[in-house]
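Take a look at the structure below.
Numbering (this note's numbering), first residue to last: -7 to 155.
Okay, here's the thing in structure tokens:
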């Protein structure tokens, strides 16, 4: 597997939508409940400040993605937010780390000063370990801040890093 991270293009919308929907359907990480269609996916991804995709150049297959956008406006507009999704059959192969590191570089290039994650689910140990390995700081715990797919509430842990 030879993974590169690049800016998405229109040909990537279908696989990006499928990967995004896979995470939404799992119901344990993203706050969204509605699945994207190819049309709403195109609108959603086009509305971001930047979208990166992880492509296996050996196969041409998109294996993951990230979205990057402002976390707030005005006096807090220098803070950005991002979400990451890796296809379930590609998880554990280092793609997430490549996506996060590329996102940090892109955030800096776009003039953001801080990358903040508002709602990392406490039980998402893989993501939390990765963010801490890269240098993110946990800001605390919000008890019961995320409703899991099964209806129970899980704590969320906000994180940030200066970019």
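Beta carbons: idealized from backbone N, C-alpha and C, even for Gly.
Query raised in the report: What residue from 67, 100, 46 has the CA that sits closest to residue 91's CA?
Result: Closest option to residue 91, Cα to Cα, is 46.
Query raised in the report: Which term fits residue 43, buried or exposed, when burial requires 16 or more other beta carbons within 10 angstroms of its beta carbon?
Result: By the neighbour-count rule (16 or more Cβ atoms within 10 Å), residue 43 is buried.
Report task. With DSSP collapsed to three states, give me the class of residue 80. Result -> Here residue 80 sits in helix by DSSP.
Query - Nearest to residue 124 (by Cα), restricted to the options 89, 24, 5, 71 - result: Ranking 89, 24, 5, 71 by Cα distance to residue 124 puts 89 first.
Requested in this report: State the DSSP-derived secondary structure class of residue 20, mapped to helix, strand or coil.
Outcome: In the structure shown, residue 20 adopts coil according to DSSP, grouped into three states.
Query raised in the report: Are the Cβ atoms of residue 150 and residue 108 separated by less than 8 Å?
Result: Judged by their CB atoms, residue 150 and residue 108 are nearer to each other than the 8 Å cut-off.
Report task. Pull up the distance between the alpha-carbon of residue 29 and that of residue 39, whole angstroms please. Result -> If I take the Cα positions, the gap works out to 15 Å.
Report task. Tell me whether the beta-carbon of residue 99 lies closer than 8 Å to the beta-carbon of residue 60. Result -> For the 8 Å CB-CB criterion, residue 99 and residue 60 form a contact.
Query - Residues of its chain near residue 58, where Cβ-Cβ distance is below 6 Å and the 5 sequence neighbours each way are ignored - result: Within the same chain, and ignoring the five residues on either side of residue 58 in sequence, the residues whose Cβ sits closer than 6 Å to its Cβ are 44, 74, 76, 91, 95.
Report task. State the beta-bridge partners of residue -2 as determined by DSSP. Result -> The partner list for residue -2 (beta bridge, DSSP) reads 45.
Query raised in the report: Can residue 153 and residue 129 be called in contact, C-beta distance under 8 Å?
Result: Yes, these two residues count as a Cβ contact at 8 Å.
**Report entry** Through-space distance from residue 70 to residue 11, alpha-carbon basis
**Finding:** If you take the alpha carbons of residue 11 and residue 70, they lie about 28 Å apart.
Query raised in the report: Pick from 104, 147, 141: whose alpha carbon is nearest that of residue 16?
Result: Residue 141 is the option with its Cα nearest to residue 16.
Query raised in the report: Since residue 112 sits in a beta bridge, which residues does DSSP pair it with?
Result: Beta-bridge partners assigned by DSSP to residue 112: 149.
Query raised in the report: Expressed to the nearest angstrom, what Euclidean distance is found between the alpha-carbon atoms of residue 53 and residue 145?
Result: In a straight line, the C-alpha of residue 53 is about 35 Å away from that of residue 145.
Query raised in the report: Taking buried to mean at least 16 other C-beta atoms within 10 Å of its own C-beta, is residue 72 buried or exposed?
Result: It is buried - the Cβ of residue 72 has at least 16 other Cβ atoms within 10 Å.
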